[in-house]
Amino acid sequence: MPIIKEQVHGYWVLFEEELRNAIDFLKNDLQKEEAKTIFSAAKLNGFAEFEDHMDRNWTIVYNRQDFNYTLVKRNRE
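Residue numbers for the sequence shown follow our numbering, so the first one is 241 and each next one is one higher.
Structure follows, in structure tokens:
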């Protein structure tokens with residue numbers, strides 16, 4: 241599946257189309273300041289984990305070389 245690069249509240253995020261649900265959650269369901277907290281944590285720690293309203297688990301990884309983020313789906317533990 242091709243990789244998509246899209247801005248979410250001013251942050252560039254790389255993701256596969258099948259992960260669109262998480263992008264929509266970050267863009268539409270969270271306020272900008274709530275999303276900013278996730279992106280800031282990822283930049284500080286290298287990654288940040290979050291859960292959407294459907295209890296799906298996601299991780300945002302900060303790419304230090306490119307100054308963008310990658311979204312990945314995380315399996316429930």
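The beta carbon of each residue, even a glycine, is placed where N, CA and C say it ideally should be.
- Residue 255 sits buried, since 16 or more C-beta atoms from the chains shown fall within 10 Å of its C-beta.
- Across the structure, residue 279 and residue 258 are spaced so that their CA atoms are roughly 21 Å apart.
- If you draw a straight line from the Cα of residue 263 to the Cα of residue 311, it comes to about 8 Å.
- Within the same chain, Cβ atoms closer than 7 Å to the Cβ of residue 303 are found at 309 and 310, the five residues on either side in sequence being excluded.
- In the three-state scheme derived from DSSP, where H, G and I count as helix and E and B as strand, residue 265 is classed as helix.
- Taken atom to atom, the span from the alpha-carbon of residue 246 to that of residue 261 is near 13 Å.
- For the 7 Å CB-CB criterion, residue 275 and residue 281 do not form a contact.
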